[in-house]
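**Student:** In the UniProt record's numbering, the protein residues as written are 1 to 340.
Virtual Cβ for every residue (Gly too), placed ideally from N, Cα, C.
None of the values given here were measured: they were computed from a predicted structure.
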Amino acid sequence: MFEKRPSIREIAELAGVGVATVDRVLSDRAKVSHATTMKVLGALRTLGVGQRLPSGARHLFRFEVFMSLSDETFFARYQAAFQACAKAQGVQVRLRRFDSAAGSDALFQALQGLEGRCHGLALIVEDNPTLRQYCQRLRLQGKAAVFMTSAVASQGWAYAGIDNEAAGRTAGYLLGGFLAGTGRVLLVTHHMLFQSHRQRIQGFRAVCQARFPGIEIVGPVECSDTDDHAHAVVTECLQGVGPVDGIYHTGAGNDGIARAVQGHPVKGWIGHEITPANARLLQEGKISALIDQNPELQAKVCIQVMLHQLGAIDSSPRSTVPFSIVTPENLDNVLSVDAL
């Protein structure tokens, strides 16, 4: 990297644009076309600007992040993570919420017009063919597109997230140990239409079949991420199948499940994500362990992947984010409860 920052004139000459244009790009004082902006960024990269954009170009890149409706505190955690990473990387990020129940067509409509307002799109929603076509259109325009819930890298798409099948396998390994390899386990999930949840279930079933043949799996039963709906669904299920020894829940709404099993506590319970409610249930001994997908690192990797796609940084980060296993013994070390 150059010890001396390149001058505006050097940048302009290399980019093939005027000095005034470079100044407008770096200061974000006037609208500049995407193509011209990319010329300036290419010149900055050639002149040795490293992983962080110049301070004068803080708003140079604008990224949009669409996230399915989820637990309020989990959304807030993602929002804080993206804001912190955006500030550190010198970019601008806006996080939006979308009700996946509205369907893929509604999401596609919500995305219309973004091409002219952002340089990259990150999706924390379930992917589908229509959405992939839209992202392909973005990429053809020289913009970034990253999926964060489904491992689609094998199909040529950028991904920034955990290995969900491995997370499910880990849940099976942990719960099988808590139950000493035998008992009935209730499998609860958000929605089987979501590939990330299907992958977790697939991994969980595979480990139980291979390592713990004495475990009987009941379900999966589907519920939304709200406590009331999770309570109603699990209560109805238990009335039909009777008590269970363990629970694996791939989504949110664990407070509702805790109310549903209050009369017959389980021996083991594995859930996902550190939220205030989950941290409390973990400390109370109701949840045995949590698998956290580390939104803070996910946000960092996502932004870096998009910057790499745009040619702003040379190195491509490892897109698979490691998840954490959280127990009552390491909760404070993984994430301070005061920060939740």
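Closest to His190 by C-alpha separation, out of Val234, Leu107, Ala252, would be which residue?
**Tutor:** Reading the sequence shown from its first residue, position 190 is the one you call residue 190. Out of Val234, Leu107, Ala252, Ala252 has the C-alpha closest to the C-alpha of His190.
**Student:** Classify Gln109 as buried or exposed, calling it buried when 16 or more other Cβ atoms lie within 10 Å of its own Cβ.
**Tutor:** Start at 1 with the first residue of the sequence shown, and residue 109 comes out as number 109. Counting Cβ neighbours within 10 Å, Gln109 comes out exposed, since fewer than 16 surround it.
**Student:** At which residues does the alpha helix (DSSP H) containing Leu310 begin and terminate?
**Tutor:** Taking the sequence shown and counting its residues from 1, one reaches residue 310 at position 310. Taken as a continuous stretch (DSSP letters only), Leu310 belongs to no alpha helix (DSSP H), as it is neither H nor E.
**Student:** So the candidates are Leu186, Leu179, His229, Asn128; which of them puts its Cα closest to the Cα of Gly240?
**Tutor:** Looking up residue 240 in the sequence shown gives position 240. Ranking Leu186, Leu179, His229, Asn128 by Cα distance to Gly240 puts Leu186 first.
**Student:** Jot down the residue ranges of each uninterrupted beta strand (DSSP E) in the segment 203-268, minimum 3 residues, whole runs only, in chain order.
**Tutor:** For the segment 203-268, whole beta strand (DSSP E) runs of length 3 or above, ordered along the chain, are 214-222, 246-249.
**Student:** Indicate the three-state DSSP secondary structure (helix, strand or coil) for residue 353 in the structure shown.
**Tutor:** Limits of the chain in this structure are 1 at one end and 340 at the other, which puts residue 353 out of reach.
**Student:** What separation, rounded to the nearest whole angstrom, lies between the Cα atoms of His119 and Pro317?
**Tutor:** Sequence index remark: in the sequence shown, residue 119 carries index 119 (1-based). Sequence index remark: in the sequence shown, residue 317 carries index 317 (1-based). One C-alpha to the other measures close to 19 Å.
**Student:** Alpha carbon to alpha carbon, what distance is there between Gln195 and Val125?
**Tutor:** Here residue 125 corresponds to residue number 125 of the sequence shown, with the count starting at 1. Here residue 195 corresponds to residue number 195 of the sequence shown, with the count starting at 1. Distance between the alpha carbons of Val125 and Gln195: 10 Å.
**Student:** When DSSP builds the beta bridges, which residues end up paired with Val146?
**Tutor:** Taking the first residue of the sequence shown as position 1, residue 146 is located at position 146. Ala122.
**Student:** According to the Cβ coordinates, are Val146 and Ala160 closer than 9 Å?
**Tutor:** The residue you call residue 146 lines up with position 146 of the sequence shown. The residue you call residue 160 lines up with position 160 of the sequence shown. Their beta carbons are under 9 Å apart, which means Val146 touches Ala160 by this criterion.
**Student:** Quick check on the DSSP output: what are the complete alpha helix (DSSP H) runs of length 4 or more inside the UniProt domain "HTH lacI-type" (6-48), in order along the chain?
**Tutor:** Taking only runs of at least 4 residues, the alpha helix (DSSP H) segments lying wholly in the UniProt domain "HTH lacI-type" (6-48) are 8-15, 19-27, 34-46.
**Student:** For residue 424, I'd like the list of residues in its chain whose CB is within less than 8 Å of its CB, leaving aside the five on either flank, ordered along the chain.
**Tutor:** Since the first and last residues shown for the chain are 1 and 340, residue 424 lies out of range.
**Student:** Since Thr189 is in the beta strand (DSSP E), which residue starts that stretch and which ends it?
**Tutor:** For the purposes of this step, residue 189 is identified with residue 189 of the sequence shown, where counting begins at 1. Start and end: 182-189.
**Student:** Suppose you measure from the CA of Ala12 to the CA of Arg62; what does that come to, to the nearest Å?
**Tutor:** Here residue 12 refers to the residue found at position 12 of the sequence shown. Here residue 62 refers to the residue found at position 62 of the sequence shown. Between Ala12 and Arg62, the C-alpha separation is close to 22 Å.
**Student:** Tell me the rounded alpha-carbon separation between Ala35 and Gly113.
**Tutor:** Here residue 35 is taken as the residue at index 35 of the sequence shown, counted from 1. Here residue 113 is taken as the residue at index 113 of the sequence shown, counted from 1. C-alpha separation (whole angstroms): 17 Å.
**Student:** Alpha helix (DSSP H) containing Val334: first to last residue?
**Tutor:** The sequence position of residue 334 within the sequence shown is 334, counting from 1. Its alpha helix (DSSP H) spans residues 331-334.
**Student:** Excluding five sequence neighbours on each side, which residues of the same chain lie with their C-beta closer than 6 Å to the C-beta of Leu41?
**Tutor:** Your numbering for residue 41 matches position 41 in the sequence shown. So the list reads Ala312, once near-sequence residues are dropped.
**Student:** Does DSSP put Leu95 in a helix, in a strand, or in coil?
**Tutor:** Residue mapping note: residue 95 aligns to position 95 of the sequence shown, counting from 1. Residue state, collapsed to three classes: strand.
**Student:** For Phe74, which residues of its own chain have a beta-carbon under 7 Å away from its beta-carbon, when the five flanking residues on both sides are left out?
**Tutor:** Translated into positions along the sequence shown, residue 74 becomes position 74. Result list for Phe74: Ala252, Glu273, Thr275, in chain order.
**Student:** Mind checking whether Cys223 and Cys85 have CB atoms under 9 Å apart?
**Tutor:** The residue you call residue 223 lines up with position 223 of the sequence shown. The residue you call residue 85 lines up with position 85 of the sequence shown. Contact: no.
**Student:** Going by beta-carbon coordinates alone, are Ile257 and His249 separated by less than 9 Å?
**Tutor:** As a position in the sequence shown, residue 257 is number 257, starting the count at 1. As a position in the sequence shown, residue 249 is number 249, starting the count at 1. Cβ atoms of Ile257 and His249: closer than 9 Å.
**Student:** Compute the distance between the beta-carbons of Gln293 and Phe323, then report whether it is under 9 Å.
**Tutor:** By one-based count along the sequence shown, residue 293 stands at place 293. By one-based count along the sequence shown, residue 323 stands at place 323. Yes, the Cβ-Cβ distance between Gln293 and Phe323 is below 9 Å.
**Student:** Can you tell me whether Ile291 is helix, strand or coil according to DSSP?
**Tutor:** Indexing the sequence shown from 1 puts residue 291 at position 291. Ile291 falls in the strand class under three-state DSSP.
**Student:** Suppose the cutoff is 6 Å on Cβ atoms and the five residues either side in sequence are ignored; what does the same chain contact list for Val261 look like?
**Tutor:** As a position in the sequence shown, residue 261 is number 261, starting the count at 1. Cβ neighbours of Val261 beyond the five flanking positions: none.
**Student:** Is DSSP giving Arg62 helix, strand or coil here?
**Tutor:** The residue labelled residue 62 in the question sits at position 62 within the sequence shown. Strand, per DSSP.
**Student:** Name the DSSP bridge partner or partners of Leu68?
**Tutor:** Within the sequence shown, the letter at position 68 stands for residue 68. In the sequence on display, residue 68 carries Ser and not Leu. Paired residue(s): Phe98.
**Student:** Comparing alpha-carbon positions, which option in Gln83, Glu72, Glu115 lies nearest Phe98?
**Tutor:** Taking the sequence shown and counting its residues from 1, one reaches residue 98 at position 98. Of the candidates Gln83, Glu72, Glu115, the one whose C-alpha sits nearest the C-alpha of Phe98 is Glu72.
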